[in-house]
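Enquirer:
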Amino acid sequence: MAAVTHHSHPFLRGAEADSIVNNLLDPVLRGSLVLGPEGMGKSALADEVLRRLEGVVAPYRIHGSPVLSRIPYSALTPFMERALEEDLASPLMVLRNIRRYFQTRAEAGHPQALLVVDDAHHLDEASSHVLVQLAMSGELRLLVLSRNRSVHIQELLSLARDGLMSRVDLQPLSVEAVHQQCINELGGPLLRASSAVLARVSGGNPMYIKALLSGAKRRGELLQRNGAWYLRALPTGLEPSVQDLAKRLLASRPAAERLVLEAVALAGVLPRGPLVMLGGQEAVHTLVEEGYMEPAANVPEQLRMVQPLHAEAIRSLVPPMRSMEIRRKLLEADTSERIPQTPRFVSWALDCGAASPDSELLLGARAASADGDAETALRLALAITPGPLAVAGRIEAAAAQLALGRISEARAGLEDAVLTAPDTETLDYAVLVSAQLAACSDDAADRLGSLAKDWSVRDGQLAGQDRGEGRDAWMAAGLSVLALWARTAEGNLLVSGESASTTMALLTALGGEGQDELSPAVCQIKALGFALACEVLTAAGSIGQAVQAARQARECLSQSALTSSTTRANVLVRHSLALLHGGRFENLDRMLSDELHSAPHVLLAIGGTLGVLEGALEIRQGRYREGLRRMRPAIEVLRGRDPERLLPYALALAAYVAVVVDDTSPATRFAAELRGLGYKGPRALELTAGAFAAAAQSQQDAADPPARVRELAAEARRLGQLAAEKDILELAVAIGDLKQARRLVDLTDSFEGAEAAALHAYAAAVAADNPEQMVSAADEAVRCRKFLVAVECIGHAIRYYGAHNNLRRQRALIQQLRRRRDELAGVTVSYLSPNVHQVRLTKREHEIVALLLEDASTKDIATRFTLSQRTVEGHVYRIYVKLGIGRRTELEAVYRALEAEPRVSAGQ
């Protein structure tokens with residue numbers, strides 16, 4: 009009987025375990041059948057079921073194997089202790105021997121027998137038949153674990169079809185479950201985008217995830233920095249378990265099926281027609297039916313490998329000469345279905361030493377860029393020969409270098425690309441990449457202005473070409489986009505310049521007939537124009553229009569399959585900040601969750617950006633510890649690649665939050681790094697970052713609210729950056745500068761969105777110094793998911809009643825905090841600054857409370873800390889006053905309400 013495994017972490021398939029346990033206890037059912045591919049967690053699920061049924065059933069375990077499957081009843085021999093040799097010739101005698109085994113144990117008082125059958129797909133037919141008979145007798149329950157398809161479990165499957173056994177088909181782990189498994193394995197916080205990459209690469213297979221983690225750590229692809237984990241690169245090496253599985257898979261298939269598997273693995277995706285010509289209809293049909301291949305997403309007539317790791321393993325096993333032969337046969341296949349020139353297929357040609365047309369190399373490079381695979385894009389772009397597409401190839405290579413964070417190489421590759429572009433489509437591509445490169449510099453506004461001039465000059469030089477309808481209209485719109493981009497880069501939105509409304513009007517006017525025929529570069533520049541308008545409108549507090557502009561940007565991106573991951577990230581950040589400032593937190597949470605289903609290379613490219621946005625979303629709602637957990641690995645990623653220049657903001661925000669939750673070690677490190685950073689980021693985020701950095705320093709020094717925060721709020725107002733001013737004023741009030749509440753009231757009166765509404769009610773209550781108005785404002789903040797603001801409102805009221813010696817009302821509000829803990833998402837008064845109210849306890853007071861809760865006397869505490877008993881009594885008196893209580897019996901309930909979360913490092 010196998011030992012039961014106990015889990016120190018939440019079990020990832022809890023719902024399936026619950027279902028199986030309930031079915032095994034159902035008197036009508038005879039057991040449960042669990043189906044899933046190798047490594048999907050069937051055995052771990054059985055262990056969990058046995059753990060939950062411990063003492064309720066008597067478990068027995070048998071295992072099928074390829075060797076034992078050749079011997080009838082071999083898996084069942086442990087239960088045939090008294091069987092004679094001649095008994096094995098009679099199925100009836102075998103059944104009687106096994107029944108006698110279990111009956112003897114039942115008569116001895118053993119619980120109901122549960123027979124767990126591991127690897128049932130390897131059972132011989134005779135054993136499978138006996139198991140069915142045992143289940144039908146009702147003398148034991150079966151828990152059968154098998155791969156999805158096997159000839160010898162058909163009788164057991166028929167029991168499930170007839171409703172006599174339950175059937176559970178194990179699905180791949182969700183992205184959330186994979187993230188939890190990774191944290192369990194690594195023992196520390198992991199960038200969510202990194203776990204999403206592992207989910208895609210592994211196909212959600214727990215065994216493969218574990219192997220990938222082990223190999224990636226060993227090869228330096230998975231790194232730990234300052235207690236946080238992240239993927240530096242896509243896992244490339246294959247663990248022996250995956251290689252062995254691929255070898256067994258190929259060895260077990262007929263030659264025709266093996267040829268089809270190799271072709272799909274090498275090409276990535278192939279139409280059915282060429283595959284049928286290559287290996288035959290039956291081979292293709294069998295591999296699809298048995299779950300090795302599946303239709304590609306959105307293209308059902310094309311097939312791909314179900315398990316990405318299997319494809320990589322098979323590719324590594326195909327000798328070069330055989331690979332060349334397979335490619336030749338595919339290209340010679342007489343079929344009307346054209347093989348898609350995917351980056352994988354074009355790269356395969358280079359692997360085989362074959363020459364590909366420059367047009368295919370260029371399209372392959374752009375498709376790889378859209379997939380976020382900058383290395384492949386660079387390889388294909390550099391393979392383009394001198395000729396008509398040479399400039400376009402140089403631009404694509406520069407775009408790949410930019411995506412890889414190699415700014416100097418990208419700048420060198422783009423030199424004179426705009427002024428030497430041979431046609432308008434190449435010119436637009438050159439402008440797109442050059443603008444994105446310019447945005448990475450501190451003098452972006454000047455660079456964008458020069459780019460606009462060069463674009464206009466070269467377009468005029470190409471005017472003799474067939475410009476097509478609408479080129480003049482497009483140039484007006486495109487130049488407007490660059491002008492708006494330069495204005496936002498400058499940061500002063502109150503000076504005269506290109507307006508968001510003008511740019512949006514020009515872009516919208518392009519949406520007539522022929523819109524679907526716009527080049528990918530035009531679609532991306534249009535998208536960036538709407539995204540920039542979104543940024544300006546957000547800064548002004550026009551959240552509704554900003555979100556609408558962001559949606560138009562995303563619609564432009566959807567019109568081209570060749571949108572680069574760089575452009576996607578540009579749009580994503582601006583859309584996210586609009587939702588964040590508008591208090592549309594649930595919408596932003598859904599959008600960021602959807603991004604986790606992107607292609608693996610895209611997730612690697614934008615993972616740090618996603619992590620900062622996820623962390624900011626949590627912090628915005630007052631969930632500081634969770635926000636810091638998500639922010640820390642994102643900061644490590646951005647140190648190596650920060651395309652959106654978010655690192656200064658992330659460092660400052662994380663430093664402040666770390667101080668607030670008493671995690672001072674990273675706070676000091678973040679603050680020091682911020683001071684030494686060579687760039688400042690977008691103007692609005694630069695102002696906000698400066699305020700958080702100043703607040704973090706004042707909190708660490710226990711000083712009064714710094715004047716620097718007020719100065720930055722005034723600077724934001726002078727530049728027309730009202731969204732940044734809102735954030736800074738909220739921070740100022742939170743750290744005790746209550747005089748800023750009146751300006752926050754005025755600002756949020758015209759600022760759109762749920763967040764502004766919550767802040768307006770909060771600031772008005774603080775400005776009026778009205779405790780009951782503060783309590784009402786707390787309700788509004790909860791409705792808007794501004795949980796920390798809600799707690800701050802109640803905290804102000806507690807402070808007010810304490811100052812006015814109304815301890816009864818103060819105590820009632822403290823009790824309200826305790827009752828509303830779940831509603832407030834775990835946020836408590838412990839997060840508030842001591843400058844705001846008098847409830848927060850000192851470190852020594854926390855230590856004294858801990859001893860009081862252990863029933864220590866004041867004399868015991870005095871001895872512990874080498875203090876006089878009178879001094880301890882004074883500490884206890886001040887603790888009672890702060891908590892608004894009068895006796896020790898009230899201490900635990902009130903203290904837990906104020907300090908709900910354990911005071912540990914946010915990295916744990």
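Numbered by my numbering, the letters in the sequence shown go through residues 9 to 916 in order. Quick reminder that beta carbons are idealized off the backbone N, C-alpha and C, glycines included.
Is it right to say Ile887 is buried, meaning 16 or more other beta carbons lie within 10 angstroms of its own, or is it exposed?
Expert: By the 10 Å Cβ count, Ile887 comes out buried.
Enquirer: What does DSSP give as the partner residue(s) for Glu302 in the beta ladder?
Expert: Beta-bridge pairing links Glu302 to Arg312.
Enquirer: Could you tell me if Tyr216 is buried or exposed, where buried requires 16 or more neighbouring beta carbons within 10 angstroms of its beta carbon?
Expert: Per the 10 Å Cβ criterion, buried.
Enquirer: Give the single residue among Phe19, Leu501, Glu634 and Pro430 whose Cα lies nearest to the Cα of Gly472.
Expert: Of the candidates Phe19, Leu501, Glu634 and Pro430, the one whose C-alpha sits nearest the C-alpha of Gly472 is Pro430.
Enquirer: On the three-state DSSP scale, how would you describe Gln349?
Expert: Reduced to three states, the DSSP call for Gln349 is coil.
Enquirer: In chain order, what residues of the same chain have a beta carbon less than 6 Å from the beta carbon of Arg266, not counting five sequence neighbours either side?
Expert: Correct list, in chain order: Leu258.
Enquirer: Tell me, please, whether the segment 751-758 touches the segment 735-743 by the rule of three or more beta-carbon pairs shorter than 8 Å.
Expert: Output reads yes: the segment 735-743 touches the segment 751-758.
Enquirer: Pairs of beta-carbons, one from the segment 56-71 and one from the segment 177-196, closer than 8 Å: are there three or more?
Expert: Flag = no, the segment 56-71 and the segment 177-196 do not touch.
Enquirer: Expressed to the nearest angstrom, what Euclidean distance is found between the alpha-carbon atoms of Leu815 and Val620?
Expert: Spanning the two alpha carbons is a distance of roughly 42 Å.
Enquirer: When you compare only the Cα positions, how much space is there between Asp480 and Leu388?
Expert: Rounded to the nearest angstrom, the two C-alpha atoms are 33 Å apart.
Enquirer: Kindly confirm or deny that the segment 62-74 and the segment 97-108 touch, where touching means at least three C-beta pairs closer than 8 Å.
Expert: No contact exists between the segment 62-74 and the segment 97-108.
Enquirer: For His137, count the other beta carbons within 10 Å of its own beta carbon; 16 or more makes it buried, fewer makes it exposed. Which is it?
Expert: It is buried - the Cβ of His137 has at least 16 other Cβ atoms within 10 Å.
Enquirer: Any idea if Arg200 is buried or exposed, counting beta-carbon neighbours within 10 angstroms, 16 or more meaning buried?
Expert: The residue is buried, with at least 16 neighbouring Cβ atoms inside 10 Å.
Enquirer: What's the C-alpha gap between Asp132 and Ala236?
Expert: Distance between the alpha carbons of Asp132 and Ala236 is about 49 Å.
Enquirer: Taking the continuous beta strand (DSSP E) assigned at Ala66, which residues delimit it?
Expert: Segment Val65 to His71, the beta strand (DSSP E) holding Ala66.
Enquirer: Cutting at 7 Å between CB atoms, please list the residues of its own chain near His768, excluding the five before and the five after it.
Expert: Excluding residues within five positions, the ones whose Cβ falls inside 7 Å are Val753, Thr756 and Asp757.
Enquirer: Taking the alpha-carbon positions, what's the Glu634 to Tyr664 distance?
Expert: If I take the Cα positions, the gap works out to 14 Å.
Enquirer: The alpha helix (DSSP H) that contains Gly955, what's its start and end?
Expert: Coverage of the chain is limited to positions 9 through 916, which leaves residue 955 absent and any answer about it impossible.
Enquirer: Consult DSSP for Leu921 and reduce its assignment to one of helix, strand or coil.
Expert: In this structure the chain extends from 9 to 916, so residue 921 is not present and cannot be described.
Enquirer: Can you name, in chain order, every residue of its own chain whose Cβ lies under 7 Å from the Cβ of Asp342, other than the five neighbours on each side?
Expert: Cβ within range, chain order: Met285.
Enquirer: Please classify Glu290 as buried or exposed, where buried requires at least 16 neighbouring CB atoms within 10 angstroms.
Expert: By the 10 Å Cβ count, Glu290 comes out exposed.
Enquirer: On the three-pair Cβ rule with 8 Å, is the segment 761-779 touching the segment 561-575?
Expert: Segments in contact, no.
Enquirer: DSSP on Glu62, reduced to helix/strand/coil?
Expert: Residue state, collapsed to three classes: strand.
Enquirer: Have a look at Ala798 and Ala494 and give me their C-alpha separation to the nearest angstrom.
Expert: Near 39 Å, if we compare the C-alpha coordinates of Ala494 and Ala798.
Enquirer: Considering only their Cβ atoms, is the gap separating Ala762 from Gly590 smaller than 9 Å?
Expert: Yes; because the gap between Cβ atoms is below 9 Å, this pair is in contact.
Enquirer: Does DSSP classify Tyr81 as helix, strand or coil?
Expert: The answer is coil: DSSP assigns Tyr81 none of H, G, I, E or B.
Enquirer: Kindly say whether Pro713, judged by its beta-carbon, lies nearer than 9 Å to any beta-carbon of chain B.
Expert: Among the chains of the structure shown, chain B does not appear; only one protein chain is present.
Enquirer: Taking the Cβ atom as the reference point for each residue, do Leu148 and Ala121 lie within a distance shorter than 9 Å?
Expert: Yes, they are a contact pair.
Enquirer: Under a Cβ-count criterion, where at least 16 other Cβ atoms within 10 Å of its own Cβ denotes burial, should Leu545 be classed as buried or exposed?
Expert: Classification of Leu545: buried, given that the 10 Å Cβ count is 16 or more.
Enquirer: Any contact of the segment 592-610 with the segment 675-682, i.e. 3+ C-beta pairs under 8 Å?
Expert: Flag = no, the segment 592-610 and the segment 675-682 do not touch.
Enquirer: Do Glu320 and Leu935 come within 9 Å of each other at the CB atom, strictly closer than that value?
Expert: In the structure as shown, the chain starts at 9 and stops at 916, and residue 935 therefore has no counterpart that could be examined.
Enquirer: Between which residues of its own chain and Ile530 is the CB-CB distance below 7 Å, once the five residues before and five after are set aside?
Expert: The sequence shown places Val at residue 530, not Ile. The answer, listed in chain order, is Asp436 and Trp482.
Enquirer: Would the segment 444-457 count as touching the segment 497-517 if we require 3 or more Cβ pairs under 8 Å?
Expert: A contact exists between the segment 444-457 and the segment 497-517.
Enquirer: Spatial neighbours of Ala731 within its chain, please: CB distance less than 7 Å, with the 5 preceding and 5 following residues excluded, ordered by chain position.
Expert: Thr546, Ala547, Gly549, His589 and Ala692, listed in sequence order.
Enquirer: So, does the segment 269-277 touch the segment 337-353, judging by three or more C-beta pairs under 8 Å?
Expert: Short answer: they touch.
Enquirer: Given this structure, state the Cα-to-Cα distance separating Tyr300 from Glu270, to the nearest angstrom.
Expert: Each residue's Cα considered, the two are about 12 Å apart.
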